[in-house]
Amino acid sequence: MKSIRNNLFMLRIIWRAAPRRIFWELLFVCADCAVELVYTLFFLRFIIGCIEQKIAFGQIAVCILGYFGVSALVSCCGVYLKQAVVPQTNVLIQSKLMDMIYQQALKVDLSCYENPKFYDIYTQANEEVLTRTTEILSTMSFLVSIIMSMIGFGAAVLIYEPFILPFLLAAMVLVQAVQRRFVEARFTRRKATVGERRKMDYVNRVVYLQDYAKDLRLTHIFAPILRNFHEAAKSSREVSRRYGKRAGIYRIFSSVISSLTVFLGIQSIIVYRYLVFHQYSFGVLTTVLNAASGLDGCLGDLIWAGARLNENGAFIENFREFLSYQPKMKEKEDAVIPQNGRHDLELKGVSFCYEGAEKPTLRHINMKILAGQKIALVGHNGAGKSTLVKLLMRLYDVTEGEILLDGINIKEYQAKGYRSLFGTIFQDFKVFAATVAENVLLKPVTNQMEKERVKEALQESGIYKKIQTFPNGMDSILTKEFDEDGILMSGGESQKLAIARVFAKDSSIAILDEPSSALDPISEYEVFENMMKACKGKTVIFVSHRLSSATLADRIYMMEDGEIIEEGNHQELIEKNGKYAEMFFKQAEKYREEEVL
Ligand code: ADP
Numbered sequence: 002m003k004s005i006r007n008n009l010f011m012l013r014i015i016w017r018a019a020p021r022r023i024f025w026e027l028l029f030v031c032a033d034c035a036v037e038l039v040y041t042l043f044f045l046r047f048i049i050g051c052i053e054q055k056i057a058f059g060q061i062a063v064c065i066l067g068y069f070g071v072s073a074l075v076s077c078c079g080v081y082l083k084q085a086v087v088p089q090t091n092v093l094i095q096s097k098l099m100d101m102i103y104q105q106a107l108k109v110d111l112s113c114y115e116n117p118k119f120y121d122i123y124t125q126a127n128e129e130v131l132t133r134t135t136e137i138l139s140t141m142s143f144l145v146s147i148i149m150s151m152i153g154f155g156a157a158v159l160i161y162e163p164f165i166l167p168f169l170l171a172a173m174v175l176v177q178a179v180q181r182r183f184v185e186a187r188f189t190r191r192k193a194t195v196g197e198r199r200k201m202d203y204v205n206r207v208v209y210l211q212d213y214a215k216d217l218r219l220t221h222i223f224a225p226i227l228r229n230f231h232e233a234a235k236s237s238r239e240v241s242r243r244y245g246k247r248a249g250i251y252r253i254f255s256s257v258i259s260s261l262t263v264f265l266g267i268q269s270i271i272v273y274r275y276l277v278f279h280q281y282s283f284g285v286l287t288t289v290l291n292a293a294s295g296l297d298g299c300l301g302d303l304i305w306a307g308a309r310l311n312e313n314g315a316f317i318e319n320f321r322e323f324l325s326y327q328p329k330m331k332e333k334e335d336a337v338i339p340q341n342g343r344h345d346l347e348l349k350g351v352s353f354c355y356e357g358a359e360k361p362t363l364r365h366i367n368m369k370i371l372a373g374q375k376i377a378l379v380g381h382n383g384a385g386k387s388t389l390v391k392l393l394m395r396l397y398d399v400t401e402g403e404i405l406l407d408g409i410n411i412k413e414y415q416a417k418g419y420r421s422l423f424g425t426i427f428q429d430f431k432v433f434a435a436t437v438a439e440n441v442l443l444k445p446v447t448n449q450m451e452k453e454r455v456k457e458a459l460q461e462s463g464i465y466k467k468i469q470t471f472p473n474g475m476d477s478i479l480t481k482e483f484d485e486d487g488i489l490m491s492g493g494e495s496q497k498l499a500i501a502r503v504f505a506k507d508s509s510i511a512i513l514d515e516p517s518s519a520l521d522p523i524s525e526y527e528v529f530e531n532m533m534k535a536c537k538g539k540t541v542i543f544v545s546h547r548l549s550s551a552t553l554a555d556r557i558y559m560m561e562d563g564e565i566i567e568e569g570n571h572q573e574l575i576e577k578n579g580k581y582a583e584m585f586f587k588q589a590e591k592y593r594e595e596e597v598l
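Have a look at this one:
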């Protein structure tokens, strides 16, 4: 029952995406089945009857030609369906389904990307969505044709040989029992290999994405990755072999039962009764034989289609599970949308543990960030600075304690509205395959005012002159993903483009998570200095493990092993002569040595 509901759910989506497809599939299958039924039930009998009654060949030929004319028309309909309707509608259906997957993927918590179980559901939904859609449509057509054939063949058997019906039903029960096991084995095999396929897919991505191309050529890192690929492939092969053998045995067994019952059993009974009792003419005998084997075939097909329905249903169940996944970060219905403006932030006793991690990444963090303050989070790599920033932006929810915006817990705000208060550049910022202007605004550019804003932002980040040299200026496409003439920017240029994002966004809080880590300390200092000027009046929270930039901050938080170990302004922390001072002087000394060299 659940399977049928799931299949109908998918059919409704297909109908909404491409009603033409369902119309043509149904039209073709009905016409094709009708032509087939006429042939098997009436055609031979009609020809034999005509010959027996010595009807003129000319008249018979006209009938034959008429039949083949209709049959050719149906075949043309099939060609049109396969060559024109299927390819076009496949694209429409795929777009619709992928759209649903993308929308959902964007909604789920960031932590889902670290959860292999969720990733398996996601991979399977992504991977199988188009093949399954085709499968669902063909099962639907198949079912329609089976039902039509069963009505036709069943009527002929009932009229001429109802005696064989119990034999056919007995065969069907037997075959069904075996067939069900066959389908179960097939589905379990697919499910058991989904994790391995996900691993293999990672290797695939590493090879074709440009991000990894340089390292793959300059190092031997591909060797361990390839080893993992082969291990995943081996394990996938073993699972396939185990279930494949089982599925094969069930399949052979069901074919043998089916052949024995039809050829040795039912057809011999019909011929025997024809020869002994002379119940009907030779023409009718051909109809009865065809109808009996047709009906047996239909019963077998019905089981097969039922099993396909179940298998598709199980896949759709996985797809629906993915679609119905509710983010753990709940949002209240009456959630407040914060206004853009000056805001105070406060962290009270915040601790955080990543899902599956053994120990917390952040512990007992207390922090007050007043509107307009420039805050530096410093500390060695792995201290927890980026994690703290992610919590501030509510990409994860705290495990303990609370984060307040103007005295209200950030969980009370609408997540999207809350996040839009921040203009952010992450260390691992990405350049998207879109225009320069879209890459700065991070949304479509809809009017002249927005264009002006992009221009000013690019000017402030010092990359506008370079952009003007591109053939289409700010409308030039970046990367070569969608456009052969797309522009590839250098690391430094991309960094400036990312910085322009913060300038272009009219946000009250700017977060800079080591955006200039690739620059040398002096250039980094200059970038930060420029940004401080440009972000005048805004709250700025910047993350750095280089303390030269921290001197620009109103307040510095030094982090170590998930805790704040020192806080104050640069002068205060130097006077304190603690870890900050030690790290600051060590770095200063190192840079001095580098300068001398
Ligand atoms: P920092 O920004 O100071 O370099 P991070 O906040 O990136 O430090 O990382 C702090 C710790 O949290 C590190 O030990 C890191 O391995 C761990 N960590 C970071 N991201 C994740 C994650 N998604 N899942 C589990 N652990 C993580």
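Going by our numbering, the residue at position 366 of the sequence shown is 367; the numbering climbs one at a time, nothing skipped. Ideal placement from N, C-alpha and C gives every residue a C-beta, glycine not left out. Please read all numbers here as calculations on a predicted model, not as lab measurements.
{"Item": "Pocket of the ligand ADP (residues with CB nearer than 6 Å to any heavy atom), chain order", "Value": "E115, Y355, A358, T362, G380, N382, G383, A384, G385, K386, S387, T388"}
{"Item": "Neighbour flag for S462 against chain D, beta carbons, 8 Å", "Value": "Absent from the structure: chain D. Only one protein chain is present."}
{"Item": "Environment of A438 [buried if 16+ CB atoms lie within 10 Å]", "Value": "buried"}
{"Item": "Classification of L489 by the beta-carbon crowding that lies within 10 angstroms, buried from 16 upward", "Value": "exposed"}
{"Item": "T414 versus V337 - alpha carbon distance", "Value": "The question names Thr, but residue 414 in the sequence shown is Tyr. Roughly 5 Å separates the two Cα atoms."}
{"Item": "Exposure label - T470; buried when at least 16 CB within 10 Å", "Value": "exposed"}
{"Item": "Nearest to G357 (by Cα), restricted to the options R17, R343, M368, E115", "Value": "E115"}
{"Item": "Per DSSP, the bridge partner or partners of D514", "Value": "V544"}
{"Item": "Member of L363, I409, L442 whose CA lies at the smallest distance from the CA of S421", "Value": "L442"}
{"Item": "Nearest-angstrom Cα separation, counted from A384 out to H571", "Value": "19 Å"}
{"Item": "Boundaries of the beta strand (DSSP E) in which G402 is found, first to last residue", "Value": "401 to 406"}
{"Item": "The beta strand (DSSP E) enclosing I426, as first and last residue numbers", "Value": "423 to 426"}
{"Item": "Helix, strand or coil at V446 according to DSSP, with G and I counted as helix", "Value": "coil"}
{"Item": "M141 (DSSP reduced to helix, strand or coil)", "Value": "helix"}
{"Item": "8 Å Cβ cutoff met for L378 and Y123", "Value": "no"}
{"Item": "Whole runs of the alpha helix (DSSP H) within the stretch 568 to 595, excluding any shorter than 4 residues", "Value": "571 to 577"}
{"Item": "Reference E515; option with closest CA among D507, R547, G493", "Value": "R547"}
{"Item": "Minimum C-alpha distance to E312 - residue among K192, A292, R218, K431", "Value": "K192"}
{"Item": "Local conformation of G314 per DSSP, three classes", "Value": "helix"}
{"Item": "Residues near G373 by beta carbon distance below 8 Å, same chain, minus five either side", "Value": "R343, G538, K539, T540"}
{"Item": "Among A157, L296, P88, the one whose alpha carbon lies nearest that of F43", "Value": "A157"}
{"Item": "Buried or exposed (CB count within 10 angstroms, at least 16 for buried), G408", "Value": "exposed"}
{"Item": "Cβ contact (3+ pairs, closer than 8 Å) linking the stretch 202 to 218 and the stretch 167 to 182", "Value": "no"}
{"Item": "W25 versus I160, S139, A535, residue with shortest Cα-Cα distance", "Value": "S139"}
{"Item": "V195 versus S256 - alpha carbon distance", "Value": "29 Å"}
{"Item": "Where L27 falls: helix, strand or coil (DSSP)", "Value": "helix"}
{"Item": "Continuous beta strand (DSSP E) stretch holding L348: start and end", "Value": "346 to 353"}
{"Item": "Same chain, Cβ closer than 7 Å to Q449, neighbours up to 5 away in sequence not counted", "Value": "none"}
{"Item": "Simplified DSSP state of I565, which is helix, strand or coil", "Value": "strand"}
{"Item": "Neighbour-count burial assignment, I160, 16 or more Cβ in a 10 Å radius", "Value": "exposed"}
{"Item": "In DSSP terms, what L479 is bridged to", "Value": "I488"}
{"Item": "Classification of G314 by the beta-carbon crowding that lies within 10 angstroms, buried from 16 upward", "Value": "buried"}
{"Item": "Straight-line Cα distance separating E461 from K497", "Value": "9 Å"}
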